[in-house]
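Enquirer: Below is the structure I would like to discuss, written out as structure tokens.
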Amino acid sequence: MKSFALVAAALVAPALAAPAAIPITKLAGPVNENSYIIKLKDGVSKDSHVARLLEFIGNQDSKVVYKYDSVFNGYAGVLKGPILDYIRRSSDVEYIQADTIYQIEYEQGDESLAARETQDESSQLVGRAANGGGVDIYGIDTGILTTHTAFGGRATWGATYGGYASRDGNGHGTHTAGTAAGSGFGLATASNIIAVKVCSDGGQCPSSNIIAGVNFVATRAASSGRPSVAIMSLGGPGDSAIDSAVSNAISRGTHFAVAAGNENMNAGTRSPARVATANTVGAVDSSNRKASFSNYGAALDVWALGVNVRSAWIGSNSAVNTISGTSMATPHVAGILAVVIGNKGNSSPAALSSALKSNAQAVVTGAPSGTTNLKARVW
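In mature numbering (1 follows the signal peptide of the UniProt record, and there is no 0), the protein residues as written are -17 to -1, 1 to 362.
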């Protein structure tokens, strides 16, 4: 009888054991220590889950930093020891990802070789409807020097994520905003430009901040009712959480222009470049040849000028700088989208992306096989 009881107990024990811990996904590159992104299963109430979690946390050394509400059923936080273990064993959780830090990158350009393509293209728009009037362009980046004369009072501060100062201490975000919508630099010179800071002044961008920025854009665009275009001149290793956030924001109606990346590799391995519904942009030089650094592959939708691009900069309200990167090509496409919306009216992201490609020019050389040769242009 005793032996039977022992056998029965042995059979029952596995069924009563705690659920297996969910593995933590860690992408290549540095991470924010003890910071994690938690994706909840579809149908799970985030509010209920987080309420239980906060009760469990109490005064322990952990905290929820972001609760994403528009584009991602999940949250991010500093989560340690027993708190992290509690989450890893929760049946509510789909996956857990370490908070990867992306790095903004660009190359210093040559001012004497700064291309004049944008100015030439702008001259073709004279006499047409307002260039992007009524359209909001969001720069998910290092911030924007909103007082720069190139913006003529059209630039405002939207949000800051990561505890940084609400200013652009890097220059990258101001430059990309200028390329999209700055007078003398960009095409969409009647659009509003809105700063969404997710990167430090050193150019480090934690994925938890990036998702928060995308979430802000989707929420703000929906509440404003205005056509909206987002610039994501950043990226990193394939990241399911960022991909999901961007894809969901697009499905809610916001147009996204995203950088292919500067590693001279297949963009299909990078996020958000690999998001199928985004407009993924590679960089060419003024001769329409693939830039040596630009990523490539089937994930690219179009190319745009990304070598020796002159635009607004920080330091003074009239500062300029000439730099290179797919970061510089991406806002050119965002500006094109805004101008087309201003002239022809808004449409779904899928329809506008299709029109972007059908009206592009097949002029790009030097790209590997399997990569588009289409260069974006206004139509």
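For each residue, glycine too, the CB sits at the ideal point set by N, CA and C.
Throw me the rounded Cβ distance for the Ala133 and Asn291 pair, which I believe falls under 8 angstroms.
Expert: Numbered from its first residue, the sequence shown carries residue 133 at position 150. Numbered from its first residue, the sequence shown carries residue 291 at position 308. Between Asn291 and Ala133 the Cβ distance is about 18 angstroms, and since that is not below 8 angstroms, they are no contact.
Enquirer: Please name the residue, chosen from Trp140, Val181, Ala312, that lies closest to Phe168 on a Cα-to-Cα basis.
Expert: In the sequence shown, residue 168 corresponds to position 185, counting from 1. Minimum Cα distance to Phe168 is reached at Ala312.
Enquirer: Given a cut-off of 7 angstroms on the beta-carbon distance, is the pair Lys178 and Gly122 in contact?
Expert: Here residue 178 refers to the residue found at position 195 of the sequence shown. Here residue 122 refers to the residue found at position 139 of the sequence shown. Per the sequence presented here, residue 178 reads as Ala, with Lys not at that position. For Ala178 and Gly122, yes; Cβs fall inside 7 angstroms.
Enquirer: Which whole-angstrom value describes the C-beta separation of Gly126 and Ser149, a residue pair presumed to lie in contact below a C-beta threshold of 8 angstroms?
Expert: Along the sequence shown, read from residue 1 onward, the residue named residue 126 stands at position 143. Along the sequence shown, read from residue 1 onward, the residue named residue 149 stands at position 166. That belief holds up - the Cβ atoms of Gly126 and Ser149 are roughly 7 angstroms apart, short of 8 angstroms.
Enquirer: Under the three-state reduction of DSSP, which class applies to Thr139: helix, strand or coil?
Expert: The residue given as residue 139 occupies position 156 in the sequence shown. Correct three-state label for Thr139: strand.
Enquirer: Would you grab the beta carbon distance between Asp226 and Pro255 for me? Rounded to a whole angstrom, and I think it's under 8 angstroms.
Expert: Counting from one through the sequence shown, the residue named residue 226 turns up at place 243. Counting from one through the sequence shown, the residue named residue 255 turns up at place 272. Sure, about 6 angstroms apart at Cβ, within 8 angstroms.
Enquirer: Given the structure, does Asn17 come close to the ligand COA, in the sense that its CB is under 6 angstroms from one of the ligand's heavy atoms?
Expert: What this structure holds is no ligand at all, so the ligand COA is not there to describe.
Enquirer: When DSSP labels each residue in this structure, what does Glu16 get in the three-state scheme?
Expert: The count along the sequence shown starts at 1 and reaches residue 16 at position 33. Glu16: strand per DSSP, three-state reduction.
Enquirer: Between the Cα of Ala317 and the Cα atoms of Ala224, Leu339, Ser299, Lys46, which residue gives the shortest distance?
Expert: Mapped onto the sequence shown, residue 317 falls at position 334. The shortest C-alpha separation from Ala317 is found at Leu339.
Enquirer: Would Thr309 and Ala266 qualify as a contact pair, given that the criterion is a beta-carbon distance under 7 angstroms?
Expert: As a working mapping, residue 309 is identified with position 326 in the sequence shown. As a working mapping, residue 266 is identified with position 283 in the sequence shown. A contact, by the Cβ cut-off of 7 angstroms.
Enquirer: At what residue ranges does the segment 28 to 59 contain a whole run of the beta strand (DSSP E), taking only runs of 3 or more?
Expert: Runs found: 46 to 51.
Enquirer: Are the segment 293 to 304 and the segment 326 to 338 touching by the rule of at least three beta carbon pairs closer than 8 angstroms?
Expert: Counting Cβ pairs under 8 angstroms, fewer than three are found: no touch.
Enquirer: From the DSSP output, read off the bridge partner residues of Gly219.
Expert: Start at 1 with the first residue of the sequence shown, and residue 219 comes out as number 236. Paired residue(s): Ser254.
Enquirer: If we count the other Cβ atoms within 10 Å of its Cβ and call it buried at 16 or more, is Trp286 buried or exposed?
Expert: Numbered from 1 along the sequence shown, position 303 holds the residue referred to as residue 286. Trp286 comes out buried.
Enquirer: Determine which residues share a DSSP beta bridge with Trp286 and list them.
Expert: Counting from one through the sequence shown, the residue named residue 286 turns up at place 303. DSSP lists Gly265, Lys358 as partners of Trp286.
Enquirer: Taking Cys188 as the reference, which of Gly219, Ser270, Ser206, Gly135 has the closest Cα?
Expert: For the purposes of this step, residue 188 is identified with residue 205 of the sequence shown, where counting begins at 1. Measuring from the Cα of Cys188, the nearest candidate turns out to be Gly219.
Enquirer: Since Gly325 and Gly117 are thought to touch, with beta carbons under 8 angstroms apart, how far apart are those beta carbons, to the nearest angstrom?
Expert: Your numbering for residue 325 matches position 342 in the sequence shown. Your numbering for residue 117 matches position 134 in the sequence shown. The Cβ separation is near 6 angstroms, so the contact holds.
Enquirer: Tell me, please, whether the segment 16 to 24 touches the segment 51 to 63 by the rule of three or more beta-carbon pairs shorter than 8 angstroms.
Expert: The segment 16 to 24 is in contact with the segment 51 to 63.
Enquirer: Given a cut-off of 7 angstroms on the beta-carbon distance, is the pair Ala232 and Val264 in contact?
Expert: Indexing the sequence shown from 1 puts residue 232 at position 249. Indexing the sequence shown from 1 puts residue 264 at position 281. The answer is no: Cβ separation not under 7 angstroms.
Enquirer: Could you check what DSSP says for Thr83 in three-state terms: helix, strand or coil?
Expert: Taking the first residue of the sequence shown as position 1, residue 83 is located at position 100. Here Thr83 sits in strand by DSSP.
Enquirer: Could you give the residue range of the alpha helix (DSSP H) that holds Phe199?
Expert: Mapped onto the sequence shown, residue 199 falls at position 216. Segment 190 to 207, the alpha helix (DSSP H) holding Phe199.
Enquirer: Since I believe Asn15 is in contact with Asp82 (beta carbons under 8 angstroms), could you give me their beta-carbon distance rounded to a whole number of angstroms?
Expert: If you number the sequence shown from 1, residue 82 lands on position 99. If you number the sequence shown from 1, residue 15 lands on position 32. Rounded, the Cβ-Cβ distance is 4 angstroms, consistent with contact.
Enquirer: Is DSSP giving Thr313 helix, strand or coil here?
Expert: Mapped onto the sequence shown, residue 313 falls at position 330. Looking at Thr313 - three-state DSSP - the assignment turns out to be helix.
Enquirer: If we call anything under 7 angstroms between Cβ atoms a contact, is Thr252 one with Gly289?
Expert: The residue labelled residue 252 in the question sits at position 269 within the sequence shown. The residue labelled residue 289 in the question sits at position 306 within the sequence shown. No, these two residues do not count as a Cβ contact at 7 angstroms.
Enquirer: Ends of the beta strand (DSSP E) at Ala164?
Expert: As a position in the sequence shown, residue 164 is number 181, starting the count at 1. Element bounds for Ala164: not the beta strand (DSSP E) but the alpha helix (DSSP H), 155 to 164.
Enquirer: Residue range of the alpha helix (DSSP H) that Ile297 falls in?
Expert: Counting from one through the sequence shown, the residue named residue 297 turns up at place 314. Per DSSP, Ile297 belongs to no alpha helix (DSSP H) and is neither H nor E.
Enquirer: Beta carbon of Ser53, beta carbon of Thr202: below 7 angstroms?
Expert: If you number the sequence shown from 1, residue 53 lands on position 70. If you number the sequence shown from 1, residue 202 lands on position 219. Contact flag set, yes.
Enquirer: In terms of residue numbering, what span does the alpha helix (DSSP H) encompassing Asp124 cover?
Expert: The sequence position of residue 124 within the sequence shown is 141, counting from 1. Where Asp124 is concerned, there is no enclosing alpha helix (DSSP H), although the beta strand (DSSP E) it sits in stretches over 119 to 124.
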